[in-house]
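Chains as they are written, first to last, in the numbering used here: chain A, 203 to 390; chain B, 203 to 390.
Idealized CB from N, CA, C, for every residue including glycine.
What you are looking at is a predicted structure, and each value in this text was computed from that prediction instead of being measured.
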DNA sequence: GTCTATACAGGGATAGAC
DNA sequence: GTCTATCCCTGTATAGAC
């Protein structure tokens, strides 16, 4: 029924949000159940273990980012314009980034420390961006260094997110994004 | 007595290591006690709460980094040489960075999500580096942009650490450090 | 200073009624 | 599909003997 589906998706949505804001381990079933307004018992009808929820959240994030990249391709006619969209993420999401960092980077960091089985899965979001950025740089005629450039752009984004989170400094984000955007012109 | 002092310092050392490798929240008293080879009960003679251990670890890290910067000032006669030392950290510590990321950045990220009282204290290590790098850039004659350059260098370091941790790619670290080192020559 | 024993809370997970 | 009740384990923290 539609009811079950709706509940399942509500759980994933709430878990996604809470994992981002509080971290995976720190988020309890009780907290997710409360957010969705269901009992803890009901919870287990939809997900057998906490790891299952994590896997579902990662799958949802992956799908969501894929859709985002498709939107960008529809909106931005040039590869450089698309790369610039990526560079601007910390600015676009500045409120959340300052409070909670980057959802992808912070989850990867946490799962690495937990030695969690889903570490590789979580990083597939990074790989999605990496491949996509590589393609954009290749389209700009930089095939041989496209992957290195892609990694460079993602690293920039992660560094900005981590420091913006630590210092809660919006001006810093603006400066860095501006600088990275200028850097990109050399490859257009 | 020397015995108590030694135990206390052993606890701090073990906690530091475990917080780095497993994360703060994920590290239990039992794990630290086992590492130091003392009973959990004895533990509480030295530290009343887990937060107290965290505070002690942060203080120890701060002191250790201060000593490191002093060593660099003794070893490297030029400000650029000193900045380069900082840029090379991800390479110098590449084994740990690939496995556990940056100790400063990952702790800051975790404490932000936990909304932990020691968040600001943990970030004082970032501030130490920021101030020190700013001074080095000022010595190079870039007073007006010294702080922005300092933040840029720290952000670079954090981005490299996060991605090196996610992808476990040593070649990536080499490339990025080389590139950042070349970037620095424009300011020498 | 170090130990054992134990209290207590919270979190993951299950059973079974409705 | 959703609920209540409950089990069990782990983790923090305390009490008190040695």
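A check of alpha carbon separations from residue 253 of chain B across B:285, B:319, B:344, B:213 identifies B:319 as the nearest.
One finds 368, 369 in chain B with Cβ atoms closer than 8 Å to the Cβ of residue 325 of chain A, taken in chain order. Residue nearest to residue 309 of chain B within the set B:229, B:211, B:387, B:348 is B:229 (criterion: CA-CA distance).
At a cut-off of 9 Å between C-beta atoms, residue 315 of chain A counts as an interface residue with respect to chain B.
Ranked by Cα distance from residue 286 of chain A, the first of A:330, A:339, A:262, A:266 is A:339. Counting the other Cβ atoms within 10 Å of the Cβ of residue 300 of chain A gives 16 or more, which makes it buried. For residue 258 of chain A, the uninterrupted alpha helix (DSSP H) run begins and ends at 252-277, by DSSP. A distance of 9 Å or more separates the beta carbons of residue 355 of chain B and residue 379 of chain B. Under the 9 Å criterion on CB atoms, residue 239 of chain A is classed as non-interfacial with respect to chain B. Rounded to whole angstroms, the separation of the alpha carbons of residue 244 of chain A and residue 372 of chain B is 46 Å. By the CB criterion at 9 Å, residue 334 of chain B and residue 314 of chain B fall outside the cutoff.
The C-beta distance from residue 382 of chain B to residue 289 of chain B rounds to 5 Å, short enough to meet the 8 Å contact threshold.
DSSP places residue 240 of chain B in the coil class of the three-state scheme, outside both helix and strand.
Here the alpha carbons of residue 307 of chain B and residue 208 of chain A stand approximately 37 Å from one another. Secondary structure at residue 307 of chain B: helix, using DSSP grouped into helix, strand and coil.
Excluding five sequence positions before and after residue 374 of chain A, the CB atoms of its chain that fall closer than 7 Å to its own CB belong to 365, 366, given in chain order. Contact between residue 265 of chain B and residue 218 of chain B fails: their C-beta atoms lie close to 11 Å from each other, not under 8 Å.
Think of a sphere of 8 Å around the beta carbon of residue 365 of chain A: the chain B residues whose beta carbon falls inside it are 328, 353, 356, 357, 360, in chain order. A distance below 9 Å separates the beta carbons of residue 225 of chain B and residue 312 of chain A.
What residue 267 of chain B touches in chain A, judged by beta-carbon distance under 8 Å, is nothing: the nearest beta carbon there is about 15 Å away. DSSP places residue 373 of chain A in the helix class (H, G or I) of the three-state scheme.
Secondary structure at residue 233 of chain B: helix, using DSSP grouped into helix, strand and coil. Residue-level contact by beta carbon holds for residue 228 of chain B and chain A, with a gap shorter than 9 Å. Between residue 336 of chain B and residue 322 of chain B, the C-beta gap is not smaller than 9 Å, which leaves the two residues out of contact.
Shown here for residue 282 of chain B: same chain residues with a beta carbon closer than 7 Å to its own, the five before and five after excluded, namely 342, 386, 390 in chain order. Comparing alpha carbon positions, the residue from A:275, A:248, A:223, A:280 closest to residue 211 of chain A is A:248. With at least 16 other beta carbons inside 10 angstroms of its own, residue 332 of chain A counts as buried.
Residue 257 of chain A sits away from residue 237 of chain A, with the two beta carbons spaced by 9 Å or more. Looking at the backbone, the Cα of residue 251 of chain B and that of residue 316 of chain A are separated by about 22 Å. Rounded to whole angstroms, the Cβ separation of residue 368 of chain A and residue 221 of chain B is 17 Å, and the two are not in contact under 8 Å.
Taking a C-beta distance under 9 Å as the contact criterion, residue 357 of chain A and residue 358 of chain B qualify as a contact pair. DSSP places residue 346 of chain A in the helix class (H, G or I) of the three-state scheme. Residue 214 of chain B places its beta carbon less than 9 Å from that of residue 255 of chain B. Within the region 238-259 of chain B, no residue places its CB atom closer than 8 Å to a CB of chain A.
Within the same chain, and ignoring the five residues on either side of residue 296 of chain B in sequence, the residues whose Cβ sits closer than 8 Å to its Cβ are 366, 372, 375.
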